[in-house]
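K.L.:
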Amino acid sequence: MASATPGVSVKDIRHDWYVVDATNQVLGRLATRVAWLLLGKHRPGYVPYLDTGDFVIVTNAEKVRLTGRKLEEKVYRRHTGFPGGLREARAREVQAKHPQRLIEDAVRGMLPKSKLGRKQIKKLKVYRGPTHPHDAQKPKPLAAAKARPAARPKTEAN
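Heads up, the sequence shown is in this note's numbering, so the first residue is 8 and it goes up one at a time.
(1) If I'm right that VAL63 touches TYR25 with Cβ under 8 Å, what's the distance once you round it to whole angstroms?
(2) Name the one or two DSSP bridge partners that PHE62 has.
(3) From the DSSP secondary-structure annotation, give me the bridge partner or partners of ALA96.
(4) In chain order, what residues of the same chain lie with their CB nearer than 8 Å to the CB of LYS132, ignoring the 5 residues before and after it?
(5) Where does VAL133 sit, in a helix, a strand or coil, going by DSSP?
(6) Mark ALA68 as exposed unless 16 or more other C-beta atoms lie within 10 angstroms of its C-beta, in which case mark it buried.
(7) Three Cβ pairs or more, each shorter than 8 Å: is that satisfied between the region 38-45 and the region 112-120?
(8) To the nearest whole angstrom, what separates the beta carbons of LYS126 and ASP58, a pair I think is in contact under 8 Å?
(9) Could you check whether LEU34 and LEU109 sit closer than 8 Å to each other, using their CB atoms as the reference points?
(10) For THR39, report the span of its alpha helix (DSSP H) as first-last.
(11) Output the distance between the C-alpha atoms of LEU123 and TYR56, rounded to the nearest integer angstrom.
Right, dumping it as structure tokens:
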């Protein structure tokens, strides 16, 4: 009889630090890579009920790209907590005032809606510019995602 894979315990988990440059990266694709790291799904010992993920630092949040007409049409809603306190802002306005929120909101939507998800989102550090105060943690640079080739034009043979 083959032995079972040993389970992961809290004392075995170590959290690494990664730094990602958001310059010219598409928001959704960047968010999925960051959420993957925060969840810990890149590790062989991933279990959905433990925080096995890593810390992620995102720099240059102001230079992230949105595709299509999302800058004009995507609406971010928040509530102040007071009656009639619903506030709306277009993606262009949010990117101009608070570019970190674009990335934080996109990643938060990809994490579990539970205590564990709230713990994992705290490991995301997003900064507007190219500098961050986490040099002491020696973050590893995360390679930029490979750009997808442009679609081939349709011809008679296709």
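The beta carbon of each residue, even a glycine, is placed where N, CA and C say it ideally should be.
P.N.:
This is what the structure holds:
(1) 5 Å
(2) Beta-bridge annotation (DSSP): PHE62 is paired with TRP24.
(3) TYR83
(4) PHE62, VAL63, ILE64, VAL65, HIS139 and HIS141
(5) strand
(6) buried
(7) yes
(8) 6 Å
(9) Here LEU109 is near LEU34, since their CB atoms are less than 8 Å apart.
(10) 34-46
(11) 8 Å
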